[in-house]
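Below you'll find the structure, written out as structure tokens, and then a few comments.
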Amino acid sequence: MTKKTALVLGATGVVGTQLLKRLCTSKDYQTIHLFTRRELEYKDSVCKVHIVDFDNMKDFADLFHVNDVFICLGTTIKKAKSKEAFRKVDYDYVVEAGKLAKAANVENVLVISAIGADSKSSFFYSRVKGDMEEILKQLKLNSLHIFRPSLLIGERKELRIGEKISGKLSSIFKFLLVGPLRPYRAIHVETVATAMSIAAKSFTSGNHVYQSNEIEELANERELY
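Residue 16 is where the sequence shown starts when you use the numbering used here, and the numbers rise one by one after that.
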């Protein structure tokens, strides 16, 4: 069976780090290109690291000629310092990557969004995520998988006290989040990474959106692979 090629944007992030480990250990890929701003601590023979200025991503358009593109880019307004800088990362860069993937006729594009993404939302964060999703859908990619996790649980390089407390509370009251509230349960970053790697294993055309509970269900299919 011929091995595939992939491109990962955001491999240093909390989900991207876990995703990269899964892609490398899966042995499904002969080459995995990584777009980062800095060198990675994680090393593997199939990985090719490219230090990229994301404002000039077009300079690396040739590297989008792969089977799967995983977009794990994302920041926070606090870290970005302004709404404009946040939108640049979570919208501009993601959309540009989608357009380059479209031009390269990529089989699968898999992207991290967030619960509550809605282009008509009164909340800036949710509106940016919703705008990003709408543009990607309009591109009519061969296969687009959008993952909308709720609060992410996992080890981060930077300490986020609020998220740490919220994660603990969410785990404690998880049993209360049932029925229509299930998508709001906190979810482990490992689960999201697993679901992304599984979704890339089989080609299903069109647009696909996964809430947290659906991400968990997809990740639980891992024993089939």
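All C-beta atoms, glycine included, are put in the ideal place defined by N, C-alpha and C.
Quick caveat, the model's predicted, so the values are computed rather than measured.
As assigned by DSSP and simplified to three states, the class of residue i
| i | result |
| --- | --- |
| Arg102 | helix |
| Arg53 | coil |
| Val64 | strand |
| Lys18 | coil |
| Asp74 | helix |
| Arg163 | strand |
| Thr46 | strand |
| Leu125 | strand |
| Val224 | strand |
| Ala201 | coil |
| Val241 | Coverage of the chain is limited to positions 16 through 240, which leaves residue 241 absent and any answer about it impossible. |
| Ile130 | coil |
| Phe79 | helix |
| Ser158 | strand |
| Asp59 | coil |
| Lys36 | helix |
| Ser212 | helix |
| Lys93 | helix |
| Lys135 | coil |
| Phe218 | coil |
| Asn120 | coil |
Paired residues, beta bridge with residue i - DSSP
| i | result |
| --- | --- |
| Val143 | Answer is none; Val143 lacks a bridge partner. |
| Leu24 | Phe50 and Ile86 |
| Ile168 | His203 |
Nearest residue (CA-CA) to residue i, options the options
| i | options | result |
| --- | --- | --- |
| Val29 | Ile213, Ala214, Cys87 and Leu55 | Cys87 |
| Glu148 | Gly169, Val109, Ser165 and Pro164 | Val109 |
| Glu3 | Ile150, Ile130 and Thr91 | With the chain represented from 16 up to 240, any question about residue 3 goes unanswered, as that position is not in the structure. |
| Tyr225 | Ala119, Ser212, Ala215 and Pro164 | Pro164 |
| Lys58 | Arg52, Phe75, Cys39 and Asp68 | Cys39 |
| Asn235 | Ile168, His223, Phe69 and Ala208 | Ala208 |
| Glu229 | Ala210, Gly113 and Ile66 | Ala210 |
| Leu166 | Arg142, Val204, Leu154 and Ser136 | Val204 |
| Leu78 | Ala118, Ala100, Lys96 and Lys103 | Ala118 |
| Glu232 | Thr46, Ile213, His80 and Gly221 | Ile213 |
| Leu33 | Phe218, Thr219 and Thr206 | The sequence as given places Gln at residue 33; Leu does not occur at that position. It is Thr206 whose Cα lies nearest to the Cα of Gln33. |
Integer Cβ distance of residue i from residue j, believed to fall under 8 Å
| i | j | result |
| --- | --- | --- |
| Ala26 | Leu55 | 6 Å |
| Phe138 | Lys98 | So it is not a contact: roughly 12 Å between Cβ atoms. |
| Lys19 | Asp83 | 6 Å |
| Asp4 | Thr90 | No answer is possible for residue 4: the residues shown for the chain start at 16 and end at 240. |
- Tell me, please, whether the region 114–127 touches the region 146–165 by the rule of three or more beta-carbon pairs shorter than 8 Å. yes
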